[in-house]
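Trainee: Below you'll find the structure I mean.
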Amino acid sequence: MKRLIGFIFLILLFPVACTQETRTSNTIVAGQTDNEVHDVTHSSHNSHIVPSRKELGAILPGLKHGLIQSPINILTKNVDHVGSRAINVNFKDEVESVENLGNTIQLNFAEGSTITAHGKIFHFKQMHFHTPSEHVLDGMRFPMELHIVNSAVDEESGEIEFLVVSILFKMGDENKFISEFYDLIPKEANKIHKIEPGLVRLSDLLLVTRKNESEEGLYFYKGSLTTPPYTESVNWYIDKHIYEASQEQINNINDLQGYNAREVQDIYGRVIEGS
649 MKRLIGFIFL ILLFPVACTQ ETRTSNTIVA GQTDNEVHDV THSSHNSHIV PSRKELGAIL
709 PGLKHGLIQS PINILTKNVD HVGSRAINVN FKDEVESVEN LGNTIQLNFA EGSTITAHGK
769 IFHFKQMHFH TPSEHVLDGM RFPMELHIVN SAVDEESGEI EFLVVSILFK MGDENKFISE
829 FYDLIPKEAN KIHKIEPGLV RLSDLLLVTR KNESEEGLYF YKGSLTTPPY TESVNWYIDK
889 HIYEASQEQI NNINDLQGYN AREVQDIYGR VIEGS
């Protein structure tokens with residue numbers, strides 16, 4: 649059954665609250681804790697290495713991390729399938745530019761698309777890639793992850809709250825959506841390329857065939873940004889469906905942005921919810 653996730657948010661119920669060539673998957677090895685992942689995707693000749701918490705402490709002694717950091721290893725056996733709440737999406741299928749930021753490839757949305765969740769309206773901002781994936785499922789790290797970033801500003805405090813939809817990719821068939829913009833990505837860092845309306849359509853990514861009920865819905869947890877300053881104001885929604893992209897597509901994005909995945913963080917008793 650084909651569904652467009654950008655629109656199925658309107659009818660699905662979700663939980664309350666709210667580079668390198670990567671040819672192998674990673675699994676937890678004996679003796680590791682639930683949050684530890686055996687990472688075999690990290691190659692020494694990468695220039696975009698994300699520092700560990702220990703390394704950051706040495707670089708920035710005053711930098712403190714809280715107890716709800718991201719990304720995490722989601723253990724599906726521990727997911728809490730509890731109450732639910734509808735999330736409403738007002739979706740304009742417009743991507744207006746693509747940027748090479750040096751450490752990630754980012755696509756920017758035209759204004760006007762929103763997600764309404766737990767009483768707040770979040771505005772679509774941008775989406776960007778991580779190679780390999782930052783989030784991990786049952787100890788398995790995927791070759792690529794896409795973050796669709798939305799934000800809301802509190803009118804009284806001025807504080808920013810984020811809602812990020814995470815999409816995980818495995819090696820497979822060529823991804824139509826990625827093929828629409830890849831040739832438009834600037835090959836030099838810190839360059840931007842404007843995109844003609846309708847040329848790149850997010851719907852071409854999100855229209856997928858979900859084989860069974862286990863691929864329906866999302867995981868949810870409270871966490872942080874995965875890049876400095878690691879602000880703990882993110883509502884994370886990880887799509888249960890694993891998307892496909894060709895090895896060439898993943899490698900090409902990897903070559904442009906390098907290894908940019910943050911290490912898995914401790915859960916510290918957080919409840920991971922599932923729809």
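Going by the numbering used here, the sequence shown opens with residue 649, and the numbers climb by one from there.
Note that CB positions come from ideal geometry on N, CA and C, so glycine has one too.
1. Please say whether Ile722 and Leu785 have beta carbons closer to each other than 7 Å?
2. Taking Asp852 as the reference, which of Asn899, Thr762, Glu822 has the closest Cα?
3. Spatial neighbours of Gln680 within its chain, please: CB distance less than 6 Å, with the 5 preceding and 5 following residues excluded, ordered by chain position.
4. Would you call the CB atoms of Val737 and Val848 closer than 7 Å?
5. What number of angstroms, rounded off, separates the C-alpha of Glu880 from the C-alpha of Ile826?
6. Taking the C-alpha atoms as reference points, what is the distance between Leu715 and Thr875?
7. Smallest Cα separation from Arg918: which of Lys870, His778, Glu864, Ile886?
8. Could you have a look at Leu873 and say whether DSSP puts it in helix, strand or coil?
9. If you draw a straight line from the C-alpha of Ile920 to the C-alpha of Asn726, how long is it?
10. Which same chain residues end up closer than 8 Å to Gln897 when comparing Cβ atoms and leaving out the 5 residues on each side of it in sequence?
11. In terms of residue numbering, what span does the alpha helix (DSSP H) encompassing Phe825 cover?
12. If you run the structure through DSSP and keep just helix, strand and coil, what is Gln897?
13. Starting from Leu723, trace the beta strand (DSSP E) both ways and give me its first and last residue.
14. To the nearest angstrom, how far is the alpha carbon of Ile735 from that of Phe790?
15. With H, G and I counted as helix, E and B as strand and the rest as coil, what does DSSP make of Leu853?
16. Let me know the secondary structure DSSP gives Asn738 once reduced to three states.
17. Does chain D have any CB closer than 7 Å to the CB of Glu803?
18. According to the neighbour-count rule (16 or more other Cβ atoms, all chains shown, within 10 Å of its Cβ), is Glu782 buried or exposed?
19. If you draw a straight line from the alpha carbon of His841 to that of Asn748, how long is it in whole angstroms?
20. Thinking C-alpha only, which one of Leu755, Val813, Ser805 is nearest Lys888?
21. How many whole angstroms separate the CB atoms of Val882 and Phe770, which I take to be in contact at a CB cut-off of 8 Å?
22. Nearest-angstrom Cα distance between Asn908 and Glu793?
23. DSSP three-state label for Ser908, please.
24. Contact check, Gln913 vs Pro719 under 8 Å by CB: the rounded distance?
25. On the criterion of 16 or more Cβ atoms from any shown chain inside 10 Å, does His805 qualify as buried, or is it exposed?
26. Given that a residue counts as buried once 16 or more other Cβ atoms are within 10 Å of its Cβ, and exposed if not, what is Tyr891?
27. In this structure, what does DSSP give as the bridge partners for Glu803?
28. Can you check which of these residues, Glu844, Asn751, Met819, Ser872, is closest to His776 by C-alpha distance?
Mentor: With the structure as the only source:
1. yes
2. Glu822
3. Residue placement at Gln680 is poorly supported in this model, since its pLDDT is 31, which falls under 50; the coordinates still yield a value, given next. Hits under 6 Å: none found.
4. no
5. 30 Å
6. 16 Å
7. Measuring from the Cα of Arg918, the nearest candidate turns out to be Lys870.
8. coil
9. 7 Å
10. Glu822, Asn823, Ile826, Ser827, Tyr830
11. 824–829
12. helix
13. Premise fails: Leu723 is in no beta strand (DSSP E) and is neither H nor E.
14. Taking the straight line joining both Cα atoms gives about 26 Å.
15. helix
16. Note: Asn738 maps to strand in three-state DSSP.
17. Reference to chain D is not applicable here, since this structure consists of a single protein chain.
18. buried
19. Those two C-alpha atoms are separated by around 9 Å.
20. Val813
21. No, Val882 and Phe770 are not in contact; Cβ-Cβ is about 11 Å, not under 8 Å.
22. 10 Å
23. Per the sequence shown, the amino acid found at residue 908 is Asn instead of Ser. Coil at Asn908, not helix or strand.
24. 7 Å
25. Per the sequence presented here, residue 805 reads as Ser, with His not at that position. The Cβ neighbour count for Ser805, taken over all protein chains shown within 10 Å, is under 16; the residue is labelled exposed.
26. buried
27. Per DSSP, none; premise fails for Glu803.
28. Asn751
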